[in-house]
Amino acid sequence: MSRSMTFLIARHGLATGNQTDAPLSPVGLGQAEQLADWLAGMENVHIDRFLSSPYRRAWQTAEIIEKRLSIKLEQADCRLKEKGVLGFDEEETDEEVLSRVTRLAEELLESDSQTVLLVTHRLTMTLLMNRYDPSFTLEQGRHITNPDLYELKFTHGNGHVKRLLIAVPHQAESVQI
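Here the numbering used here runs 3 ahead of the position in the sequence shown, where the first position is 1.
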């Protein structure tokens, strides 16, 4: 790939639990609104494609962004889901998560899109960003907040990660994956 392309990668707002159907908490709904406002305020950004994890907390975040930005959210993409956890979902390894999210990224990189917005989860986005920019470490991924926004910009086939948003601290609630 010789042209430039940008992935905007967002983490969902705070949820009520880790189950696939756990909704955003009241704080998380406000965070999703703040994230949507942040994205709406980005100058000279035209989002060509908009995808989300099917997990309810990510999907709710994406719906709020869709409404605020008046952009079409595509059908949920399971490759953006969080790592399957025994007791909640089908168990997966980090390598399996990386494989599925890399397949999605490679498809997007082959498309005509210039800017793609992805709403996903901490581990999934950490593995994706580390895959294309190894200077973004797994330790840095532990500090991704609810919500959060990163840019993964590709230039001449090389990826570079930049954090765009750091969430405002919120009242203590359980941390979600």
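Even glycine gets a Cβ: it sits at the ideal position worked out from N, Cα and C.
Distance, Cα to Cα, T105 vs L112?
-> 10 Å
Cβ neighbour criterion (16 or more within 10 Å) applied to S177 | With a pLDDT of 41 at S177, under the threshold of 50, the predicted position of this residue should be treated as unreliable, though the coordinate-derived value follows. Answer is exposed; the Cβ neighbour count stays below 16.
Evaluate H146 with the Cβ neighbour count: other Cβ atoms within 10 Å of its Cβ, from every protein chain shown; 16 or more gives buried, anything less gives exposed.
-> exposed
Check the DSSP bridge columns for H124 and list the partner residues they point to.
-> The partner list for H124 (beta bridge, DSSP) is empty, contrary to what the question assumes.
Return helix, strand or coil for G31, following the three-state DSSP convention.
-> helix
Which residues mark the beginning and the end of the alpha helix (DSSP H) in which L76 is found?
-> Premise fails: L76 is in no alpha helix (DSSP H) and is neither H nor E.
With a threshold of 7 Å, establish whether the CB of S28 neighbours any heavy atom of the ligand ZN.
-> Annotation note on the ligand ZN: not contained in the displayed structure, which lists no ligands.
What do you reckon, are the CB atoms on R103 and R125 nearer than 8 Å?
-> no
Between the CA atoms of T118 and H173 - distance to the nearest angstrom | With a pLDDT of 49 at H173, under the threshold of 50, the modelled position of this residue cannot be trusted, and the question is left open.
Beta-carbon separation of F10 and L155 under 8 Å?
-> yes
Proximity winner among I12, T129, V30, relative to A18 (alpha-carbon distances) | V30
Rounded straight-line distance, which links the Cα of I67 to that of A35 = 7 Å
In terms of residue numbering, what span does the beta strand (DSSP E) encompassing S55 cover?
-> 52-55
To the nearest angstrom, how far is it from the Cα of R6 to the Cα of R166?
-> 22 Å
Which residue or residues does DSSP assign as beta-bridge partners of A13?
-> V122, L152
First and last residue of the alpha helix (DSSP H) that includes T105?
-> 97-113
Does the beta-carbon distance from P150 to T23 come in below 8 Å?
-> no
What's the gap between the Cα of T148 and the Cα of H15?
-> 9 Å
Which listed residue (I74, Y58, L42) has its alpha carbon closest to that of G87 | Y58
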